[in-house]
Ligand SMILES: CC(C)(COP(=O)(O)OP(=O)(O)OC[C@H]1O[C@@H](n2cnc3c(N)ncnc32)[C@H](O)[C@@H]1OP(=O)(O)O)[C@@H](O)C(=O)NCCC(=O)NCCS
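Residue numbers (our numbering): 231 to 393.
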C-alpha cells in the first residue's frame, strides 16, 4: 500500500450502509468519478429503494467512496462504484465491493453482475481480483461526452466465492 507524503499509513476507511441522507454527498462523489453525472434526485430515489444495497467508505467522517447494488431474490447487480480521485489505489474500491458481496450474501443474494467499460483498467483489475469473470458484452453501452459510445463488458461473480 503506497504511503502518503508525510510517511504515515493512510487512514483506514470506516465502512457503513448507505443512507438516503447521503444523497448530496454521494452525488458529488459520483461527479468526481464519472464524466456524465447523476442528479441528486436520482441518487435519492436509488438510496430510498427497498431493493438497493449500498456501502459507503468514510475517512475522517467524510464519504470517500461508495458502491450501490440492486438486489432481487438471489440476484444482484452493481449499479455504480466510485472512489474519490484523492483516495484511489489504496484498496478502498476493493474493500467496498468485498463488503457489498459479503452483505449481499448474508441477505440471500448468490450472484452479482455488473457492467464495466472495456477500457476501464483499474475497475477491471479490481473486479477480477474479487472473482468477477466476463459473461457478455454490450456494444455502445456507455454514452461518451464527445457523442460517441463505449462498449461494456458484463461480468458476474458468485457472492459465495468471497468467503
Ligand atoms: C474503479 C475505482 C472505483 C477503483 O477504486 P480504488 O479505490 O482505486 O480501487 P483499489 O485500490 O481497490 O483497486 C484498484 C486496482 O486498479 C489498479 N490500477 C490502478 N490504476 C490503474 C491503471 N491506471 N491501470 C491499471 N490498473 C490500475 C490497482 O493496482 C488495483 O489493482 P489490484 O486490485 O490488482 O491491486 C476508481 O478508480 C474509480 O472511482 N474510478 C472512476 C469510476 C469508475 O470507473 N467506477 C467503476 C465503474 S464500473
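Beta carbons: idealized from backbone N, C-alpha and C, even for Gly.
Model, not experiment: these values are computed from the prediction.
- If the five residues before and after residue 324 are omitted, its C-beta is found closer than 8 Å to the C-beta atoms of 356, 359 and 360, all from its own chain and listed in chain order.
- Between ligand 1 and the CB of residue 378, the shortest heavy atom gap is not smaller than 7 Å.
- In the DSSP assignment, residue 366 falls within the beta strand (DSSP E) that extends over 363-373.
- Residue ranges of uninterrupted beta strand (DSSP E) with 3 or more members, entirely inside the stretch 298-348 and ordered along the chain, are 305-313 and 341-347.
- Per DSSP, reduced to three states, the secondary structure at residue 288 is strand.
- Put simply, of 251, 386, 267 and 261 the residue whose alpha carbon is nearest the alpha carbon of residue 327 is 386.
- Residue 386: member of the beta strand (DSSP E) spanning 379-388, first to last residue.
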